[in-house]
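Have a look at the structure below before the remarks.
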Amino acid sequence: IEIAPLAFMRGRTLNDAFIILDEAQNTASEQMKMFLTRLGFSSKTVITGDITQIDLADKKTSGLVEVRGILKDVKGIKFVYFTEKDVVRHPLVQKIIRAYEARRVELEESRNAERKG
1001 IEIAPLAFMR GRTLNDAFII LDEAQNTASE QMKMFLTRLG FSSKTVITGD ITQIDLADKK
1061 TSGLVEVRGI LKDVKGIKFV YFTEKDVVRH PLVQKIIRAY EARRVELEES RNAERKG
């Protein structure tokens, strides 16, 4: 088992490895591309992240957000999405997530209504 910061991946090829990139919502587009291109023979990679928890100044620059569109039709790549039903923390956390999602939808609908006039 090796734990390495993303910054130390440049130039490496990871053969015969199972690679996990955690908290990927905070990667820049360039970092995501660099990470994905480290994959070597007989390796698998898992990328985890929550796009509702992006800490970057410009959320649109998240490598995780961008990669979903870029790789959605690439054979051999799969995306798995979780909802509040998948939360394995305190039951109250599911309710908190639902409340935040309801607020996000409410704000989005309000913005759309304002645009329409």
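Note that the numbering used here has the sequence shown beginning at 1001, numbered continuously upward. Glycine included, C-beta positions come from ideal geometry on N, C-alpha and C.
Residue environment: L1107 is assigned as exposed (fewer than 16 neighbouring CB atoms within 10 Å of its CB, all protein chains considered). Just measuring C-alpha positions, the residue of A1017, F1018, F1008, T1048 sitting nearest V1080 is T1048. When secondary structure is reduced to three states using DSSP, T1052 falls in the helix class. By the Cβ neighbour-count rule, I1054 is buried, with 16 or more other Cβ atoms within 10 Å of its own.
With contacts defined by Cβ atoms closer than 8 Å, Q1025 and L1006 do not form a contacting pair. DSSP places V1087 in no alpha helix (DSSP H); its state is neither H nor E.
DSSP, reduced to helix, strand and coil, places K1072 outside both helices and strands of the structure shown, so it counts as coil. Taking C-beta separations shorter than 8 Å and ignoring five residues to either side along the sequence, G1117 has no partners in its chain.
Taken through DSSP and simplified to helix, strand or coil, A1028 comes out as strand. For T1045, the enclosing beta strand (DSSP E) begins and ends at 1044-1047.
In this structure, the straight-line span from the alpha carbon of R1098 to that of G1076 is close to 32 Å.
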